[in-house]
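Residue numbers (the working numbering): 22 to 629.
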């Protein structure tokens with residue numbers, strides 16, 4: 022950095038100044054860096070140039086004087102007087118640029134009083150100088166009063182200040198130029214590597230600047246080929262440009278997402294989205310500039326989605342449950358009439374709204390059990406059962422108890438494109454269940470349950486269980502009573518279950534069970550803290566979901582049977598209209614056919 026800063030000093034101009042100073046005052050000068058390298062000098066004395074600086078020994082003493090002695094400048098000292106090792110008086114003025122001491126401006130090679138001739142005669146003898154010539158050179162060294170020297174040093178100190186300021190300005194300019202060059206190179210690199218097309222056009226609509234991506238997008242060999250071209254030539258419909266200009270005027274010079282059909286050099290067309298704005302200079306409109314993005318694939322997807330929605334609407338309207346489907350972003354794209362009735366939203370009002378907005382009407386305690394699993398479906402493609410007995414408050418305040426589930430919508434490439442949510446109004450059923458639960462003892466309900474295993478825990482110990490738990494785990498009733506319930510859980514998920522117990526978690530979740538014979542199997546757990554015989558205990562439902570997991574795999578394998586299954590569904594509906602005499606016959610027919618609607622467009626929808 023020190024050397025670089027010295028190179029910024031305009032030494033040619035400095036030499037002229039120092040030469041003039043020498044001729045007008047008789048003071049010799051020099052600029053040396055902190056290592057003793059000479060960058061400028063004027064009017065040096067004969068005794069230095071022909072003797073001290075020539076002889077190797079005395080030259081070393083000169084270097085020591087120029088560096089070590091000159092460097093002993095006290096804090097706040099403007100300049101430093103010292104006697105060089107060869108006997109002459111020098112003065113060093115520091116040159117400081119941007120807070121960095123990089124060099125010294127020297128003046129000297131004089132005496133402040135009559136010299137000691139004996140010292141110099143001895144020096145001539147010691148270093149082999151011609152005494153007569155050496156003493157003649159000594160006589161040419163002036164004796165100057167310190168007052169005169171101080172006046173000269175003030176001038177030189179001001180000169181160093183001027184040199185520092187000029188050099189600092191040059192340094193700033195150099196750094197600015199470097200930063201500007203780097204910025205221009207970055208901008209050029211970004212410009213040349215843009216994916217979207219960028220353009221600028223004059224008031225006549227002719228291109229003045231085109232990015233390489235624009236030439237590629239529109240099928241031209243180079244940007245030069247497009248410079249000067251009228252922008253209107255790239256529109257499939259030339260009247261579109263007039264519409265764009267009208268929008269620019271109406272929207273204060275900025276138009277975003279202007280969609281139109283564009284034309285390539287070979288006259289093929291493609292869809293683009295444009296962001297365009299006026300280009301100004303000193304407040305005056307001089308043209309336009311903008312960014313163009315090829316959205317052909319997006320338009321194809323939108324068309325496919327619309328077509329899919331038409332087919333979907335036909336199917337959904339024939340289903341007895343409420344159905345809502347979304348795109349990959351969770352935006353609603355379809356609702357059947359039953360969903361509209363329950364939610365209080367018309368499809369026209371809910372279209373492209375986030376599912377979370379429509380389900381804001383669900384109370385705070387049950388909203389997340391619906392929204393979060395839907396996010397899981399979109400992310401992982403899993404079929405999930407959502408919160409049973411969720412309270413749905415419709416848009417108009419009506420309350421319903423619902424049971425719901427969600428499944429992914431997949432395209433022909435097995436890619437997730439959305440989610441389908443199916444839910445049923447079970448208000449009457451739920452009310453009946455509550456009445457039943459209130460009228461029956463929990464112990465009786467536990468043992469009469471025909472589904473899964475049920476336990477009652479007290480501080481982790483099983484104090485009661487049903488036969489289903491024995492069938493699932495392989496332990497006898499006697500072995501289970503008094504057992505630590507965590508021993509029925511595989512060590513892989515034991516921490517999860519323990520944490521849920523400690524947290525009082527009361528929502529269904531999955532873990533891995535452990536049978537008596539050491540077999541590990543997938544398990545669905547749901548727990549509640551309930552009163553039992555005068556104290557609060559924890560009931561847990563254990564459900565072996567091995568078949569469910571296998572069914573999910575089977576459902577996935579049937580994803581390519583979409584069209585066939587839709588046709589079977591339509592046939593079923595047709596037959597049900599003309600060939601069945603009762604609801605029971607329709608149900609028997611459906612059970613015999615074992616129809617499960619699987620549609621890669623809408624995911625998986627189950628009839629209940």
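The C-beta atom is built at its ideal place from N, Cα and C for all residues, glycine as well. Nothing here was measured: the structure is a model prediction, and the numbers come from that model.
Query: Tell me the residue span of the alpha helix (DSSP H) that contains residue 195.; Result: 167-213
Query: How far does the alpha helix (DSSP H) with residue 3 in it reach, from first residue to last?; Result: The structure shown does not extend to residue 3, since the chain is modelled only from 22 through 629, so no value can be given for it.
Query: Check whether the Cβ atoms of residue 371 and residue 353 sit closer than 9 Å, and answer yes or no.; Result: yes
Query: Nearest-angstrom Cα distance between residue 98 and residue 169?; Result: 18 Å
Query: With burial defined as no fewer than 16 other Cβ atoms inside 10 Å of the residue's Cβ, what is the status of residue 190: buried or exposed?; Result: exposed
Query: What is the C-beta distance between residue 510 and residue 490, in whole angstroms, given that I count them as a contact (C-beta under 8 Å)?; Result: Residue 510 to residue 490, Cβ: 13 Å. No contact.
Query: In terms of residue numbering, what span does the beta strand (DSSP E) encompassing residue 485 cover?; Result: 482-486
Query: Buried or exposed for residue 431, please, with buried defined as at least 16 other CB atoms from any protein chain shown within 10 angstroms of its CB.; Result: buried
Query: From the DSSP output, in three-state form, read off residue 163 for me.; Result: coil
Query: For residue 84, which option in 76, 57, 71 and 91 has the closest C-alpha, if you only look at C-alpha atoms?; Result: 57
Query: Pull up the CB-CB distance for residue 114 and residue 106, whole angstroms please, since I reckon it's below 8 Å.; Result: No, residue 114 and residue 106 are not in contact; Cβ-Cβ is about 20 Å, not under 8 Å.
Query: Alpha carbon to alpha carbon, how far is residue 502 from residue 541?; Result: 21 Å
Query: Which residues does DSSP list as the beta-bridge partners of residue 51?; Result: 62 and 127
Query: If we call anything under 9 Å between Cβ atoms a contact, is residue 174 one with residue 110?; Result: no
Query: Over what stretch of residues does the beta strand (DSSP E) that includes residue 307 continue unbroken?; Result: 305-315
Query: Spatial neighbours of residue 261 within its chain, please: CB distance less than 7 Å, with the 5 preceding and 5 following residues excluded, ordered by chain position.; Result: 281
Query: Inspect the beta-carbon positions of residue 123 and residue 27 and report whether they are closer than 9 Å.; Result: yes
Query: For the alpha helix (DSSP H) containing residue 570, list its first residue and its last residue.; Result: 567-578
Query: For residue 82, name the three-state secondary structure that DSSP assigns.; Result: helix
Query: Per DSSP, residue 552 is paired with what?; Result: 557
Query: In the structure shown, what three-state DSSP assignment does residue 347 receive?; Result: strand
Query: I'd like to know whether the C-beta atoms of residue 252 and residue 228 end up nearer to each other than 9 Å.; Result: yes
Query: Can you tell me whether residue 144 is buried or exposed, with buried defined as 16 or more other CB within 10 angstroms of its CB?; Result: buried
Query: Report the start-end ranges of each beta strand (DSSP E) in the stretch 218-306 that is 3 residues or longer and not cut off at the edges.; Result: 218-223, 228-231, 275-284 and 290-302
Query: If distances are taken between C-alpha atoms only, which option among 342, 299 and 287 comes closest to residue 267?; Result: 299
Query: Whole angstroms is fine: what's the gap from residue 212's alpha carbon to residue 243's?; Result: 14 Å
Query: Between which residues of its own chain and residue 515 is the CB-CB distance below 6 Å, once the five residues before and five after are set aside?; Result: 507
Query: Starting from residue 91, follow the alpha helix (DSSP H) in both directions and report where the run begins and ends.; Result: Segment: none, residue 91 is in no alpha helix (DSSP H) and carries neither H nor E.
Query: Taking residue 66 as the reference, which of 46, 161 and 89 has the closest Cα?; Result: 161
Query: Since residue 530 sits in a beta bridge, which residues does DSSP pair it with?; Result: 546
Query: In terms of residues, what are the limits of the beta strand (DSSP E) holding residue 445?; Result: 437-446
Query: Are three or more beta carbon pairs between the stretch 46-53 and the stretch 133-153 nearer than 8 Å?; Result: no
Query: Given this structure, state the Cα-to-Cα distance separating residue 546 from residue 485, to the nearest angstrom.; Result: 17 Å
Query: Return the bridge partner residues of residue 114 from the DSSP annotation.; Result: 126
Query: What residues in its chain sit with their C-beta under 8 Å from that of residue 338, if we drop five residues either side in the sequence?; Result: 357 and 358
Query: Report the rounded CA-to-CA distance for residue 308 versus residue 235, giving the unit in angstroms.; Result: 18 Å
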